[in-house]
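A short write-up of the structure that comes next.
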Amino acid sequence: MHFRPRYIVDRSVYSIPEFDEEYQKKVRSYPHSQKAKKLFSCSTARLKAIFIQLFPIIAWLPKYNIKKSLMFDIISGISAGTIQVPQGMAFALLASLPPVNGLYSSFYPLLVYFFLGSIHHMVPGTFAVLSIIVGSVVQAQAPIEKFQHFNESLNKTVTDFETMNEDRMRIAGTLTCLTAVIQICLGFVQFGFISIYLSESFVRGFMTAAGLQILISLLKYIFGLTIRAYTGPLAIIYTFIDVCKNLPKTNVASLIFALITGVVLYTVKEINVRFKHKLPFPIPMEIVLVIVTTAISGGAHLPQKYDIDVVGVIPLGLPPPDAPRVNLWGEMIGPAISLAIVGYVINLAVGRTISARHGYDVNANQEMLALGCGNFFGSFFNIHVICCALSVTLAVEGAGGSSQFASLFVVIVVFVVLMALGTYLEPLPKAVLGALIAVNLKNTLLQITDPYFLWKKSKLDCCVWIVSFLSAFLLGLPYGVAVGVGFSALVVVFQTQFRNGHMVGQIGSGDIYRNPKIYEKSGFDPVKVLLAKRKYLKAVKREEREIDTRRQSNLCTKQVSLQELVKEVDAEASMDCNNNSVGEAPRISYITVNTPNGLHEGTQKPAIDVENTEDPIKLAHPIIDTHTLILDMSGVCFVDLMGIKVLGKMCSNYKKIGVTIYLAGIRDQVYEDIETGGMFDEGGIERSCLFISVHDAVLYTLAKASENRQDAAKEKVSGAAAVYINEDMSSDENDNDQDLEQVMFGTMFDNSVGDHTIL
1 MHFRPRYIVD RSVYSIPEFD EEYQKKVRSY PHSQKAKKLF SCSTARLKAI
51 FIQLFPIIAW LPKYNIKKSL MFDIISGISA GTIQVPQGMA FALLASLPPV
101 NGLYSSFYPL LVYFFLGSIH HMVPGTFAVL SIIVGSVVQA QAPIEKFQHF
151 NESLNKTVTD FETMNEDRMR IAGTLTCLTA VIQICLGFVQ FGFISIYLSE
201 SFVRGFMTAA GLQILISLLK YIFGLTIRAY TGPLAIIYTF IDVCKNLPKT
251 NVASLIFALI TGVVLYTVKE INVRFKHKLP FPIPMEIVLV IVTTAISGGA
301 HLPQKYDIDV VGVIPLGLPP PDAPRVNLWG EMIGPAISLA IVGYVINLAV
351 GRTISARHGY DVNANQEMLA LGCGNFFGSF FNIHVICCAL SVTLAVEGAG
401 GSSQFASLFV VIVVFVVLMA LGTYLEPLPK AVLGALIAVN LKNTLLQITD
451 PYFLWKKSKL DCCVWIVSFL SAFLLGLPYG VAVGVGFSAL VVVFQTQFRN
501 GHMVGQIGSG DIYRNPKIYE KSGFDPVKVL LAKRKYLKAV KREEREIDTR
551 RQSNLCTKQV SLQELVKEVD AEASMDCNNN SVGEAPRISY ITVNTPNGLH
601 EGTQKPAIDV ENTEDPIKLA HPIIDTHTLI LDMSGVCFVD LMGIKVLGKM
651 CSNYKKIGVT IYLAGIRDQV YEDIETGGMF DEGGIERSCL FISVHDAVLY
701 TLAKASENRQ DAAKEKVSGA AAVYINEDMS SDENDNDQDL EQVMFGTMFD
751 NSVGDHTIL
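Each step along the sequence shown adds one to the number in this note's numbering, with nothing skipped, and position 341 is 341.
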């Protein structure tokens with residue numbers, strides 16, 4: 001018969017004042033005078049902390065390991081720079097700007113982000129969604145008709161492209177300056193929390209709409225057509241209709257260039273993904289295609305023979321600074337707010353995903369400031385708004401880059417092109433750049449299947465996706481942001497204000513639990529602990545491999561005693577969750593309960609789970625002196641899909657380091673949410689880990705710990721424990737081997753592309 005602990009409680013009856021007095025309730029509010037004094041106080045320590053927060057380079061540069069990291073940063077930076085150049089020129093076309101603007105946008109902001117950025121692998125640059133929003137503003141402020149006139153000698157209408165490009169670049173710089181001012185102001189008022197309210201469904205719906213708009217906008221370059229530029233609601237529909245009408249006028253040479261470029265690039269990208277563990281760095285096929293197609297186009301004089309639309313003259317050197325047209329800000333405020341928020345959310349989403357892989361923190365408000373300052377500095381050189389250059393950032397990470405020094409070498413590559421090599425790119429067909437963008441939209445367009453999966457799991461999240469998608473696609477991206485955010489806010493209000501309620505009462509001789517602290521934390525980050533344990537096990541494997549080499553052994557599996565495995569841990573100083581030395585042992589809170597059969601009154605130390613001896617991760621350094629966390633969910637009224645994914649991932653991460661999570665006091669509606677959302681099916685947590693109350697979970701934990709101690713004592717009699725470390729640890733490291741671009745912008749629930757936890 002299964003053993004079930006008895007729930008026995010004997011305590012006094014408390015009123016709230018008596019309870020607060022006996023257990024010394026902490027007063028968490030402070031007088032306004034103390035708050036003001038703390039806010040405006042100045043000390044050397046606080047001044048130093050402010051400078052480190054504003055300039056993260058002060059913290060990471062002294063710790064930079066030149067011998068270990070510099071070579072990887074150089075290689076990854078140069079490799080990523082070869083992607084930044086063609087990508088920057090291609091996205092400038094989306095913004096209705098000359099290609100050289102993309103090079104400027106890939107150069108100036110990086111100089112600022114090097115000092116202010118907190119994401120070590122991040123490379124700022126052009127992004128397709130932002131480029132198309134900028135393009136809508138540029139076309140509205142400087143339409144091509146404004147620069148056309150009838151030439152009587154030629155008897156046709158001609159366009160002054162030089163004047164148009166110059167005017168459009170100044171408008172782009174003005175818009176970038178306004179966007180930067182908004183981002184800097186939001187950063188100083190700690191507006192980074194806005195990312196919490198932008199749900200994953202909203203972001204994915206918006207990104208899918210933007211991807212479709214970008215693809216339709218590229219068709220005129222791929223088919224070599226001259227299409228009128230539309231602005232405002234339904235502009236993309238009118239553009240698509242015009243493209244279809246003009247298909248008989250397709251420039252066959254441009255189409256051939258685009259098709260060959262697309263097929264070759266797609267094939268090489270698939271090779272990069274499949275063999276990324278064997279390649280020292282991704283094959284930079286973008287720059288190879290640019291060089292080859294430019295050489296073919298220029299060498300055979302194809303633009304003159306077949307009237308191919310080409311990049312044209314790229315002026316060498318750096319432009320002089322130019323003041324923005326502040327008088328135009330009033331007409332740009334709406335798109336500027338959209339650019340500020342969307343750019344920040346994309347930057348933060350990618351940054352948090354990458355930082356979680358490598359075990360460092362991202363300061364959300366600092367990222368807003370870094371992005372804003374980079375845009376502000378670049379606006380005086382007529383760049384257009386930038387955020388994370390996704391493909392370039394992935395190239396840096398994939399090639400082993402570890403710091404902003406990699407982005408510095410990206411800057412050097414772009415600088416060389418601007419100063420010397422840009423003039424050779426004049427015959428490059430625009431169809432090639434259009435094909436480069438189209439191939440990179442693959443994962444974004446895969447998100448079109450999201451509603452099919454969302455409808456099964458959460459109909460409200462599905463509605464958010466559909467509204468976000470339709471509003472952005474039909475009304476335009478700036479309006480789509482406003483409508484999508486507004487609808488997401490209404491969904492939150494609906495879920496919080498119109499939930500099912502029920503009466504509660506005492507069941508039998510029940511007990512009450514009052515949380516002694518608000519938002520109890522475990523005191524350590526499971527992701528960082530897991531990374532530290534894996535690093536330690538790799539060191540153990542490397543040491544054992546050296547021993548085997550000396551012994552000339554060919555064994556594929558090593559047997560290491562438990563005493564040998566923890567020998568190095570005992571020799572080192574105790575470490576906290578961030579691998580920092582601490583002077584004393586961590587403080588532990590205890591709970592005393594009355595249980596039958598003499599179950600552990602005042603337990604001093606949790607027992608070691610016997611199963612842990614079979615898992616080297618749980619026994620590796622650093623050792624965590626916590627075996628169970630109990631989360632009181634009685635105050636939770638609803639959980640959305642993002643919350644379910646985060647909760648499941650958190651339970652999985654704690655489980656990997658030997659810490660079990662129990663949920664207590666879950667309401668019926670919340671239980672239905674997490675069950676429908678698939679948390680039980682996806683292995684995040686089992687139903688047996690949910691308890692009626694916190695006290696039930698506590699008693700169950702103590703009883704289980706008692707059984708584990710008894711089993712451990714029996715195991716100890718039989719002999720020393722042994723740990724087997726297999727040569728293949730890929731099962732623990734699969735999370736680090738995912739394709740980030742597919743995780744961020746691929747299909748939402750397809751298991752073939754791995755874990756899709758975002759944000």
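All C-beta atoms in this analysis are idealised placements derived from N, C-alpha and C, irrespective of residue type, glycine included. Bear in mind the structure is a predicted one, so any value in this text is a computation, not a measurement.
| field | Best match in M122, V203, M679 for proximity to G81 [C-alpha to C-alpha] | value | M122
| said: Could you tell me the alpha carbon to alpha carbon distance between N363 and V485, rounded to whole angstroms? | reply: 23 angstroms
| C-alpha gap between A92 and I222, whole angstroms | 15 angstroms
| Who are the Cβ neighbours of A140 in its own chain at under 7 angstroms, not counting the five residues just before and after it? | T231
| message | Please state the DSSP three-state secondary structure of I518. | response | Low confidence applies to I518: its pLDDT is 41, below 50, so where it sits in the model is not reliable, and the reading given next is rough at best. DSSP places I518 in coil when its eight states are reduced to three.
| Relative to the C-alpha of G117, which residue among A370, L328, V313, G77 is closest? | A370
| said: Suppose only complete runs of 4+ residues qualify. What are the alpha helix (DSSP H) ranges in the stretch 107-195, listed by chain order? | reply: 108-116, 128-141, 161-188
| task | Using 10 angstroms around the beta-carbon of N787, count the other beta-carbons present and answer buried if the total reaches 16, otherwise exposed. | result | Residue 787 is absent from the structure shown; the chain starts at 1 and stops at 759.
| said: Can you tell me where the alpha helix (DSSP H) holding I354 begins and where it ends? | reply: Boundaries of the alpha helix (DSSP H) around I354: 329-358.
| query | Using a C-beta cutoff of 7 angstroms, does M419 count as contacting chain B? | reply | This model lacks chain B altogether; it includes just one protein chain.
| said: So, with DSSP's three-state summary, where would you put A664? | reply: strand
| Ends of the beta strand (DSSP E) at D632? | 628-632
| Looking at C-beta atoms only, is the number of pairs between the stretch 652-671 and the stretch 628-637 that lie closer than 8 angstroms three or more? | yes
| said: Pairs of beta-carbons, one from the stretch 406-418 and one from the stretch 300-311, closer than 8 angstroms: are there three or more? | reply: no
| field | Beta-carbon separation (whole angstroms), N365 vs G187, contact threshold 8 angstroms | value | 5 angstroms
| Do A431 and I83 have their C-beta atoms closer together than 7 angstroms? | no
| Residue from I685, K656, K528, V467 with nearest C-alpha to R204 | V467
| From S693, Q213, I119, F191, residue whose alpha carbon lies closest to that of Y238 | Q213
| task | Tell me whether Y662 counts as near the ligand FAD, meaning its Cβ is closer than 6 angstroms to at least one heavy atom of that ligand. | result | The ligand FAD is absent from the structure shown, which contains no ligands of any kind.
| request: Just grab the DSSP bridge partners of P429 for me. | output: V310
| request: Taking S706 and G401 to be in contact with their CB atoms under 8 angstroms, please state how far apart those CB atoms are, rounded to whole angstroms. | output: Contact doesn't hold; Cβ gap of about 50 angstroms is too wide.
| To which residues of the same chain is I283 closer than 8 angstroms at the C-beta, ignoring the five residues directly before and after it? | V268, I271, N272
| request: Starting from the C-beta of P17, find all residues in its chain whose C-beta is less than 7 angstroms away, skip the five residues before and the five after it, and write them out in chain order. | output: None.
| request: Just mark F409 as buried or exposed, buried being the case when its beta carbon has 16 or more other beta carbons within 10 Å. | output: F409 comes out buried.
| DSSP-derived helix/strand/coil call for F691 | strand
| task | Identify the continuous alpha helix (DSSP H) that holds A300 and give its terminal residues. | result | Neither: A300 is in no alpha helix (DSSP H) and is coded neither H nor E.
| query | Beta carbon of A472, beta carbon of F72: below 7 angstroms? | reply | no
| query | Less than 7 angstroms separating the beta-carbons of G684 and G643? | reply | no
| task | Could you check the C-alpha separation between L47 and P31 for me, to the nearest Å? | result | 24 angstroms
| Assigned secondary structure, C388 (DSSP; H/G/I helix, E/B strand, else coil) | strand
| task | Report buried or exposed for Q190, applying the criterion of at least 16 other Cβ atoms within 10 angstroms of its Cβ. | result | exposed
| Opening and closing residue of the alpha helix (DSSP H) in which C42 lies | That residue, C42, is in no alpha helix (DSSP H); it is neither H nor E in DSSP.
| said: Going by beta-carbon coordinates alone, are G102 and N382 separated by less than 7 angstroms? | reply: no
| said: DSSP three-state label for E682, please. | reply: In the structure shown, E682 sits in coil (DSSP, three-state: anything other than H, G, I, E or B).
| field | R4 to R687 span [Cα, whole Å] | value | Taking the straight line from one Cα to the other gives about 16 angstroms.
| field | Of the residues S458, I78, V292, L460, the one placed nearest A406, counting alpha carbons only | value | I78
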